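Student: Encoded as structure tokens, here's the structure I'll be asking about.
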Amino acid sequence: MKLSNSIYFIDQTSEGEHHMVFNAALVEIWSKIYPENNIKYWGVHSSQIAVNKLLSKQVQQKVQYNIIHYIPSPSKYKLIKLFFFILKELKRYLNFCTIFIKSSKQDIICLSITTFSSFFVFKLLSYFFNRDIYTVLHGDIDFIYKATNRYQKINALTYKMIFLLKNKQFKYIVLNKICKEKLVKDNYLNFDEVIEMNHPYFFKIYTTKQINFNKPIIFAHNGSMEVERKNSHYIFFIAKQLKKSVIQNDITFKSIGLANKQIDAYKNEFVELELGTNNGILPPYLPRETYEIELIKVHFLLFFFPINEYIFRASGAVIDSIAFEKPIIALRHPFFENLFYQGGDIGYICDTLEEMIDLIKNIYLNKNDHFERYQTQVYNLSKLKIKFSIETIAKEVSLKILN
Numbered sequence: 000m001k002l003s004n005s006i007y008f009i010d011q012t013s014e015g016e017h018h019m020v021f022n023a024a025l026v027e028i029w030s031k032i033y034p035e036n037n038i039k040y041w042g043v044h045s046s047q048i049a050v051n052k053l054l055s056k057q058v059q060q061k062v063q064y065n066i067i068h069y070i071p072s073p074s075k076y077k078l079i080k081l082f083f084f085i086l087k088e089l090k091r092y093l094n095f096c097t098i099f100i101k102s103s104k105q106d107i108i109c110l111s112i113t114t115f116s117s118f119f120v121f122k123l124l125s126y127f128f129n130r131d132i133y134t135v136l137h138g139d140i141d142f143i144y145k146a147t148n149r150y151q152k153i154n155a156l157t158y159k160m161i162f163l164l165k166n167k168q169f170k171y172i173v174l175n176k177i178c179k180e181k182l183v184k185d186n187y188l189n190f191d192e193v194i195e196m197n198h199p200y201f202f203k204i205y206t207t208k209q210i211n212f213n214k215p216i217i218f219a220h221n222g223s224m225e226v227e228r229k230n231s232h233y234i235f236f237i238a239k240q241l242k243k244s245v246i247q248n249d250i251t252f253k254s255i256g257l258a259n260k261q262i263d264a265y266k267n268e269f270v271e272l273e274l275g276t277n278n279g280i281l282p283p284y285l286p287r288e289t290y291e292i293e294l295i296k297v298h299f300l301l302f303f304f305p306i307n308e309y310i311f312r313a314s315g316a317v318i319d320s321i322a323f324e325k326p327i328i329a330l331r332h333p334f335f336e337n338l339f340y341q342g343g344d345i346g347y348i349c350d351t352l353e354e355m356i357d358l359i360k361n362i363y364l365n366k367n368d369h370f371e372r373y374q375t376q377v378y379n380l381s382k383l384k385i386k387f388s389i390e391t392i393a394k395e396v397s398l399k400i401l402n
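Every letter in the sequence shown is one number past the one before it in numbering that gives the first Met the number 0, and letter 107, counting from 1, is 106.
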């Protein structure tokens, strides 16, 4: 077993509560694998504050925060914004150089989140330092298979070059149980380069077990609403088809989280919105406390992922369905098929929107017949939490790296 003195944990881009739950869970996992080591966390201060709130007291005492400061762009003009983005990129490159120089052969480096361009520089730097490195692959891997614009094509080309550069000490972490097989099969990565795990979650205890089917039954979309990547606008179509039941207060449709501007064209009065304020292309998130309060009230969560999306990314919204023990109603998709394989009866998979509409209608018209199964689904979700827990994932990962 390799002894390590310190773990360098890096998130170069997240701000505020963005990725806070994931980063907190990942820090806890590394702490369990290497309980004697301190953790040197490099990130934006607002993100570090958010993450620290979720960490256990024991881990809080082990984390040393190194704050990354960026100079914000003073203008909305594209050329000026580009100039300040380049400054940010240079800062990221310098951060990586500093981390490699300060670390030793006995240390571990975990890169959680950065830009694809600085990721390439990070991979190049790794050749000059004898370090064990673990990097998390996020949704940008999608672009290798379906880039649609110049930015995505450059992104995809960069990742292909990163994957071509082989380093035995450089491992990739993927956050679901379906994408490793495809990346290996398509010869982008070798089998032993990739560590797969369920998306870790910092679970709390939520008051979901006392929920009943007193009307209205609440069907909700949670997380970010997006048209192309999630088909989130389908909830407005479903609600309109069932508007009579909505008006009669038999059922309620809600969206909890945030929405991009493309969603505006589909909104209607049959879906209640609890969203972060939309101030542009990237609206702020709904405060986490508000998000959790609203999610506790929900009966079912709805998902409409296109079949070619979420193969190489994990969804925090889906993980929230497990955390809050909310049965899933989803369109058929490999990600959900694998999730149901792991968890058993945790909801329903539908082949079409029409089938989903009929199912929702059947649930509220025959709610007494469905409630026993609903309780079973909630129970199965509570058991599925174990597979997504920090403790379970830490044990699985430790078996793969401590040899």
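Positions of the beta carbon are idealized from the N, C-alpha and C atoms, including for glycine. Owing to the predicted nature of the structure, the values given are computational and were not obtained by experimental measurement.
Does the separation of the CB atoms of I321 and L383 fall below 7 Å?
Tutor: Reading the sequence shown from its first residue, position 322 is the one you call residue 321. Reading the sequence shown from its first residue, position 384 is the one you call residue 383. Against a cut-off of 7 Å, the Cβ pair of L383 and I321 comes out as a contact.
Student: Closest to N36 by C-alpha separation, out of M19, I48, K61 and H17, would be which residue?
Tutor: For the purposes of this step, residue 36 is identified with residue 37 of the sequence shown, where counting begins at 1. Out of M19, I48, K61 and H17, K61 has the C-alpha closest to the C-alpha of N36.
Student: Closest to A324 by C-alpha separation, out of D344, Y76, N230 and E16, would be which residue?
Tutor: The residue you call residue 324 lines up with position 325 of the sequence shown. Looking at the sequence itself, residue 324 is Glu, so the reference to Ala does not match. If we check each option's Cα against that of E324, D344 comes out closest.
Student: Taking DSSP as the reference, what is the three-state secondary structure of T425?
Tutor: Beyond the ends of the chain as shown, which are 0 and 402, falls residue 425; an answer cannot be given.
Student: Would you report the Cα separation of F84 and Q341, rounded to the nearest angstrom?
Tutor: Against the sequence shown, residue 84 aligns to sequence position 85. Against the sequence shown, residue 341 aligns to sequence position 342. Their Cα atoms are separated by approximately 42 Å.
Student: From E354 to Y171, what distance separates their C-alpha atoms?
Tutor: As a first step, residue 354 is located in the sequence shown; it is residue number 355 there, counting from the start. As a first step, residue 171 is located in the sequence shown; it is residue number 172 there, counting from the start. In a straight line, the C-alpha of E354 is about 38 Å away from that of Y171.
Student: Are the CB atoms of N197 and F387 within a distance shorter than 7 Å?
Tutor: If you number the sequence shown from 1, residue 387 lands on position 388. If you number the sequence shown from 1, residue 197 lands on position 198. For F387 and N197, yes; Cβs fall inside 7 Å.
Student: Less than 7 Å separating the beta-carbons of N259 and E225?
Tutor: Taking the first residue of the sequence shown as position 1, residue 259 is located at position 260. Taking the first residue of the sequence shown as position 1, residue 225 is located at position 226. Yes; because the gap between Cβ atoms is below 7 Å, this pair is in contact.
Student: Answer yes or no: do S102 and F169 have a C-beta to C-beta separation smaller than 7 Å?
Tutor: Locating residue 102 in the sequence shown gives position 103, counting from the first residue. Locating residue 169 in the sequence shown gives position 170, counting from the first residue. No, these two residues do not count as a Cβ contact at 7 Å.
Student: Just list the beta strand (DSSP E) runs in the stretch 129 to 207, keeping only unbroken ones of 3 residues or longer that don't cross its boundaries, in chain order.
Tutor: Complete beta strand (DSSP E) runs here, min 3: 131 to 135, 169 to 173 and 193 to 195.
Student: Going by C-alpha to C-alpha distance, which of I153, R312, E192 and Y284 sits closest to K229?
Tutor: For the purposes of this step, residue 229 is identified with residue 230 of the sequence shown, where counting begins at 1. The option with the nearest alpha carbon to K229 is R312.
Student: Measuring CA to CA, which of F99, L398 and N211 is closest to D131?
Tutor: The sequence position of residue 131 within the sequence shown is 132, counting from 1. Closest by alpha carbon: F99.
Student: With F8 as the anchor, note down where its beta strand (DSSP E) starts and where it stops.
Tutor: Position 9 of the sequence shown, counted from the start, is the residue given in the question as residue 8. Taken as a continuous stretch (DSSP letters only), the beta strand (DSSP E) holding F8 covers S5 to D10.
Student: On the DSSP bridge list, what partners appear for A219?
Tutor: By one-based count along the sequence shown, residue 219 stands at place 220. For A219, which the question treats as bridged, DSSP gives the partners K253 and L300.
Student: Tell me the residue span of the beta strand (DSSP E) that contains K39.
Tutor: In the sequence shown, residue 39 corresponds to position 40, counting from 1. First-last of the beta strand (DSSP E) with K39: N37 to G42.
Student: On the premise that Q11 lies in contact with I67, defined as a C-beta separation below 8 Å, what is that separation, rounded to the nearest angstrom?
Tutor: One-based indexing of the sequence shown puts residue 67 at position 68. One-based indexing of the sequence shown puts residue 11 at position 12. I67 to Q11, Cβ: 7 Å. Contact.
Student: Does DSSP put R331 in a helix, a strand or coil?
Tutor: Numbered from 1 along the sequence shown, position 332 holds the residue referred to as residue 331. R331 falls in the coil class under three-state DSSP.
Student: State the Cα-Cα distance for the pair Y373 and N154, rounded to the nearest angstrom.
Tutor: Here residue 373 refers to the residue found at position 374 of the sequence shown. Here residue 154 refers to the residue found at position 155 of the sequence shown. Their backbone Cα atoms lie some 43 Å apart in a straight line.
Student: Rounded to whole angstroms, what's the CA-CA distance from S117 to N267? Just pull it up for me.
Tutor: Mapped onto the sequence shown, residue 117 falls at position 118. Mapped onto the sequence shown, residue 267 falls at position 268. Approximately 41 Å between the Cα atoms of the pair.
Student: Is V226 helix, strand or coil by DSSP?
Tutor: Numbered from its first residue, the sequence shown carries residue 226 at position 227. Three-state DSSP puts V226 in coil, outside helix and strand.
Student: Just checking my contact of I28 with I389 at CB under 8 Å: how many whole Å lie between their CB atoms?
Tutor: Position 29 of the sequence shown holds residue 28. Position 390 of the sequence shown holds residue 389. Rounded, the Cβ-Cβ distance is 6 Å, consistent with contact.
Student: With a threshold of 6 Å on Cβ separation, who are the neighbours of I237 within its own chain once the five nearest residues in sequence on each side are excluded?
Tutor: Sequence index remark: in the sequence shown, residue 237 carries index 238 (1-based). Correct list, in chain order: I356.
Student: Report yes if the C-beta distance between L285 and F303 is below 7 Å; otherwise report no.
Tutor: Here the question's residue 285 lines up with position 286 in the sequence shown. Here the question's residue 303 lines up with position 304 in the sequence shown. Contact flag unset, no.
Student: Within 10 angstroms of the Cβ of S74, are there 16 or more other Cβ atoms? Answer buried if so, exposed if not.
Tutor: Within the sequence shown, residue 74 is the residue found at index 75, counting from 1. That one is exposed.
Student: Here's the rule I'm using: 16 or more other beta-carbon atoms within 10 Å means buried, otherwise exposed. How should I310 be labelled?
Tutor: As a position in the sequence shown, residue 310 is number 311, starting the count at 1. It is buried - the Cβ of I310 has at least 16 other Cβ atoms within 10 Å.
Student: How many angstroms separate the CA atom of Q87 from the CA atom of Y265?
Tutor: By 1-based counting over the sequence shown, the position of residue 87 is 88. By 1-based counting over the sequence shown, the position of residue 265 is 266. Reading off the sequence shown, one finds Lys at residue 87, where the question assumed Gln. Straight-line Cα distance between these residues: approximately 36 Å.
Student: Taking its Cβ as the centre, do 16 or more other Cβ atoms sit within 10 Å of H44, making it buried, or is it exposed?
Tutor: In the sequence shown, counting from the first residue as 1, residue 44 sits at position 45. It counts as exposed.
Student: L285 by DSSP, collapsed to three states: which one?
Tutor: In the sequence shown, residue 285 corresponds to position 286, counting from 1. Here L285 sits in coil by DSSP.
Student: Check the DSSP bridge columns for Y347 and list the partner residues they point to.
Tutor: Along the sequence shown, read from residue 1 onward, the residue named residue 347 stands at position 348. DSSP, once it has assigned bridges, lists I328 as partnering Y347.
Student: Determine the direct distance from the alpha carbon of G222 to that of L281, and round the result to whole angstroms.
Tutor: Within the sequence shown, residue 281 is the residue found at index 282, counting from 1. Within the sequence shown, residue 222 is the residue found at index 223, counting from 1. Because L281 carries a pLDDT of 47, less than 50, the predicted location of this residue cannot be relied on, and the following value inherits that uncertainty. Computed Cα separation, rounded: 13 Å.
Student: State the start and end residues of the unbroken alpha helix (DSSP H) segment that holds E395.
Tutor: Within the sequence shown, the letter at position 396 stands for residue 395. It spans I389 to I400 - the alpha helix (DSSP H) in which E395 sits, taken as one unbroken run.
Student: On the criterion of 16 or more Cβ atoms from any shown chain inside 10 Å, does I107 qualify as buried, or is it exposed?
Tutor: Within the sequence shown, the letter at position 108 stands for residue 107. Buried is the call here.
Student: Candidates Q63, I262, F212 and L257: which alpha carbon is nearest S5's?
Tutor: As a position in the sequence shown, residue 5 is number 6, starting the count at 1. Checking every option, the nearest Cα to that of S5 belongs to Q63.
Student: For K485, count the other beta carbons within 10 Å of its own beta carbon; 16 or more makes it buried, fewer makes it exposed. Which is it?
Tutor: Given a span of 0 to 402 for the chain in the structure shown, any question on residue 485 remains unanswerable.
Student: Under 6 Å Cβ to Cβ from K366, same chain only, skipping five residues before and after it: list those, please.
Tutor: What you label residue 366 is simply residue 367 of the sequence shown in a count that begins at 1. Counting only Cβ-Cβ distances below 6 Å, and skipping sequence neighbours, we find F212.
Student: Does the beta-carbon distance from N65 to W41 come in below 7 Å?
Tutor: By 1-based counting over the sequence shown, the position of residue 65 is 66. By 1-based counting over the sequence shown, the position of residue 41 is 42. Yes, the pair counts as a contact, with Cβ atoms nearer than the cut-off.
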